[in-house]
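Residue numbers (my numbering): 1496 to 2146.
Heads up, the beta-carbon is just placed ideally off N, CA and C, and yes, glycines get one too.
Reviewing the structure listed below.
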Amino acid sequence: MKKRIALSIICGVFLFILVAPASAFVRIGEGGFGDSANSYSWSVLPFKGNLYVGTNRHHLHSMMEALTLMPGSPISPSMLPADLLPDPPPSTAWFSPDWAKAFQGEIWRYNKQNKWERVHQSGVNDQFTIPPSPYGSGGVGSVPVAYGYRALAEFKGYLYACGIGTWMPPVPNNTILRSASGDPGSWEDVSGIIRGTTNIRAITEWNGKLYVAASVKEGAVVFESEDPKIQPWKLVSIPGFGGDNSEIYYLTVFNNHLYASTVNLVNGFEVWKTDGTSDPKNLGQYVWTPVIQHGFGDTWNQYGMTMAAFGDHLYLGTAVGIGMVMKEGKVVGTRPIEIIRIDKDDNAELVVGAKEASDPIDGGPDPRIPLSGMGAGFGNPFNVYAWNMNVYKDCLYVGTFDLSTFVIGALEENPDLLRFFISIYATDDLDFPEEIVDAIVNSRLTPRVLELMKKLFGGGDLWKSCDGVHWLPVTLNGFGNHLNYGIREVVPFQKDGEDVALAVGTANPFTGRPNGGCEVWLEAFKNETGWAAGTRYSPKGNWATYTPYAGIAKRVTLYAGKTMEAGKVAFSAPDSNKKVTITITLNRGWHFDDVSDNVKIQDYTIAPSGNPSPGRFAWKRCATKSCFSIKVPANNYYGVHVDLLHEYLMH
1496 MKKRIALSII
1506 CGVFLFILVA
1516 PASAFVRIGE
1526 GGFGDSANSY
1536 SWSVLPFKGN
1546 LYVGTNRHHL
1556 HSMMEALTLM
1566 PGSPISPSML
1576 PADLLPDPPP
1586 STAWFSPDWA
1596 KAFQGEIWRY
1606 NKQNKWERVH
1616 QSGVNDQFTI
1626 PPSPYGSGGV
1636 GSVPVAYGYR
1646 ALAEFKGYLY
1656 ACGIGTWMPP
1666 VPNNTILRSA
1676 SGDPGSWEDV
1686 SGIIRGTTNI
1696 RAITEWNGKL
1706 YVAASVKEGA
1716 VVFESEDPKI
1726 QPWKLVSIPG
1736 FGGDNSEIYY
1746 LTVFNNHLYA
1756 STVNLVNGFE
1766 VWKTDGTSDP
1776 KNLGQYVWTP
1786 VIQHGFGDTW
1796 NQYGMTMAAF
1806 GDHLYLGTAV
1816 GIGMVMKEGK
1826 VVGTRPIEII
1836 RIDKDDNAEL
1846 VVGAKEASDP
1856 IDGGPDPRIP
1866 LSGMGAGFGN
1876 PFNVYAWNMN
1886 VYKDCLYVGT
1896 FDLSTFVIGA
1906 LEENPDLLRF
1916 FISIYATDDL
1926 DFPEEIVDAI
1936 VNSRLTPRVL
1946 ELMKKLFGGG
1956 DLWKSCDGVH
1966 WLPVTLNGFG
1976 NHLNYGIREV
1986 VPFQKDGEDV
1996 ALAVGTANPF
2006 TGRPNGGCEV
2016 WLEAFKNETG
2026 WAAGTRYSPK
2036 GNWATYTPYA
2046 GIAKRVTLYA
2056 GKTMEAGKVA
2066 FSAPDSNKKV
2076 TITITLNRGW
2086 HFDDVSDNVK
2096 IQDYTIAPSG
2106 NPSPGRFAWK
2116 RCATKSCFSI
2126 KVPANNYYGV
2136 HVDLLHEYLM
2146 H
């Protein structure tokens, strides 16, 4: 056991060393855009130079209602401390007018003036025919047309938004809207036959057509249209692909095929693909071929939640519903996420995952050895969704749903809850610091340990890999807000075909709590060159400057792009060894570029002339923090050149 703990300590400490600085991201949206009932940044997409976000409403309230209907669930609403309980909607009576109004989903836009504006709010249907279900006997009542907008896509000059009628209780009331401008009042309904489906989750373009995944009574299906305004949606798959696939979570394109990943509560998730060949047995539909079945060898791997093409592979992330494995209507355990990749010949490999299957079945790797060496959940048993994947600047990003916030809050009421989540782990698979691992092993979860867990791990994770195998954490704690329990969307923003920003939408359903409500973060850097202020090297050349030095301490501005104040450069008085300490301090929003020798300094006895060559400067260093110092020989003039990154918003 001591050996296992020692391994965990090394892994845990290593992770903290590697976490990217939080300053790499700027929060551009918070508090649900002024209404913390906006729970998730459920969908995020750039469109015509603006950033659009679809939200859902009062989602934690709905989740709490769902938990009460899950037999065997180790988490119940009564366990949550008061500071995690969301404010309820004005009415909790299902299908009442006030209940429906509280759940009207919204679409927001971050415009070119760097301001948020609501561009759409769902309507309410007060005469909706509610079918009988396990949740009630049915009748006529009020429902939001969409309690949230789960997916966005751009297709042939339009922005499409997929709306979900209700989440709890679920009713067949999906919608699809589109707009050519994204402006308020411009949205038109193109739902067609999709209106009578449930669980609409995925939308993507392929070969000049638009594809949408939803569910009918018999199982998950895929619809197709060249233009849903004039061409009705048509089915291109049989329900459930002929099996127990109840939902399709994701659609994406790889190797000239359309891929679909499913939810299968019986035998584990599946992945299917089509090249568009017509199915002679089912008129008008496509031939679909299985790529992965049986949860990649584990029936507890129930959700194929997200996919992204990266390099020569298609990557997939798994999940289980609300963090718990359901079998025959009962909770039987939990299953942290795995990352799997598929090559162009349909060979699959485990990249991140468990060394043993929870409920083994054929179809998985043998032996189960993850390429990355990282256990399920990236070493965190509470990472239960790989929620979204995307590629940005030649790296693959994965956002997670981390149940730590819930679990830590509920441990006082149910101390055995932690064992429920780590039961599938060997201790050396836990990438936690020593104090936390020791407390878990010895069942000593003191208030200090719980607070440490919340601070370090409370909140969703964002991971990145630039080769698909080796992974680094960008954040492990929801960008410092443990109520951001999930990184729901990770979407690149492009300009002139190049990635210029990474937009990240969070899931934060803690309505009414401080720091509650969905957030949007942006990583957006522009490369700049900085020079310490002074005299231009060449009046007719570039703007590079050198700084006169008279043997006394002085402080000058560090300019970038000629006119932007990026920080300060301080020169000390010479020390006894005739050395001068030069200290560079960057302003907020500025960073040293992630390149070698990002600081280059040259001292001069006489004033230099002509355009400088920083690559030939005598004193070179790599600075990483916002303040950097170096000692150089005392002299009369200094050229101080700095390679910088500037945070800027995408416009």
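* Does the pairing of the stretch 2115-2133 with the stretch 2084-2098 give three or more beta-carbon distances under 8 Å? -> yes
* So, helix, strand or coil for V1902, using DSSP? -> helix
* Asked: In chain order, what residues of the same chain have a beta carbon less than 8 Å from the beta carbon of I1689, not counting five sequence neighbours either side?
  -> N1669, T1670, I1671, I1695, V1707, A1709, F1718, W1728
* Have a look at K1712, N1551, G1544, Y1630 and flag the residue whose alpha-carbon is nearest the alpha-carbon of E1649. => G1544
* Can you tell which of T1587, V1548, K2074 has the C-alpha that lies nearest to the C-alpha of G2046? -> K2074
* Exposure label - L1513; buried when at least 16 CB within 10 Å -> Note that L1513 has pLDDT 45, beneath the 50 cutoff, so the model's placement of it is unreliable and the number below is only indicative. Exposed is the call here.
* Asked: Using DSSP with H/G/I as helix, E/B as strand and the rest coil, what is I1856?
  -> coil
* Asked: Should P1855 and D1793 be called a contact, given that it needs their Cβ atoms to be closer than 8 Å?
  -> yes
* Where does W1795 land, buried or exposed, given buried means 16+ other C-beta within 10 angstroms? -> buried
* Asked: Are V1999 and A2027 close, meaning C-beta to C-beta below 8 Å?
  -> no
* Asked: For the stretch 1882-1898 against the stretch 1799-1814, are there 3 or more C-beta pairs whose distance is under 8 Å?
  -> yes
* Asked: Count the other CB atoms within 10 Å of the CB of V2135; is the residue buried (16 or more) or exposed (fewer)?
  -> buried
* **Span of the beta strand (DSSP E), counted from its first residue to its last, around G1549** => 1545-1552
* To do: Check whether the Cβ atoms of G1858 and F1791 sit closer than 8 Å, and answer yes or no.
  => yes
* To do: Pull up the DSSP beta-bridge partners for F2066, would you.
  => K2049, I2077
* Asked: Between P2069, P2107, I1835, which lies nearest to W2038 when the distance is taken from Cα to Cα?
  -> P2107
* Does the beta-carbon of G2007 have 16 or more other beta-carbons within 10 angstroms, so that it is buried, or is it exposed? -> exposed
* To do: Taking all protein chains shown into account, decide if H2086 is buried (16 or more other Cβ within 10 angstroms of its Cβ) or exposed.
  => buried
* **Completely contained beta strand (DSSP E) runs for the stretch 1792-1830, where each covers 3 or more residues** => 1798-1805, 1808-1814, 1820-1822, 1825-1828
* Asked: To the nearest whole angstrom, what separates the beta carbons of G1643 and R1522, a pair I think is in contact under 8 Å?
  -> The pair is not a contact, with the Cβ atoms about 21 Å apart (cut-off 8 Å).
* Under a three-way DSSP split, which group does I1733 fall into? -> coil
* **Beta bridge counterpart(s) of Y2032 as assigned by DSSP** => DSSP output for Y2032 lists no bridge partner at all.
* Residues near P1516 by beta carbon distance below 7 Å, same chain, minus five either side -> Model confidence at P1516 stands at a pLDDT of 47, short of 50, so the residue's coordinates are unreliable and nothing is read from them.
* From F2066, M2059, T2042, residue whose alpha carbon lies closest to that of A2102 -> T2042
* Does the beta-carbon of H1752 have 16 or more other beta-carbons within 10 angstroms, so that it is buried, or is it exposed? -> buried
* Over the uninterrupted beta strand (DSSP E) stretch that includes E1700, give me the two end residues. => 1693-1701
* Does DSSP put I1725 in a helix, a strand or coil? -> coil
* Asked: Which of the three DSSP states, helix, strand or coil, is assigned to G1687?
  -> helix
* Ordered along the chain, which non-local residues of its own chain (more than five positions away) have a Cβ less than 7 Å from that of W1882? -> M1800, T1801, G1894, T1895, F1896, G1981, I1982, R1983
* Should A1814 go down as buried or exposed, given a rule of 16 or more other Cβ atoms within 10 Å for buried? -> buried
* Asked: Is the distance from the Cβ of F2005 to the Cβ of L1555 below 8 Å?
  -> yes
* CA nearest to the CA of E1463, picked from W1966, I1903, D1962 -> Since the first residue of the chain shown is 1496 and the last is 2146, residue 1463 is not available in this structure.
* **Cβ neighbour criterion (16 or more within 10 Å) applied to R1673** => buried
* Asked: Is it true that the CB of I1625 sits closer than 8 Å to the CB of G1618?
  -> no
* Report yes if the CB atom of Y2132 is closer than 8 Å to the CB atom of Y2032, and no otherwise. => no
* How close, in whole Å, do the beta carbons of V1886 and L1898 come, if the pair is a contact with beta carbons under 8 Å? -> Wrong, their Cβ atoms sit about 27 Å apart, outside the cutoff.
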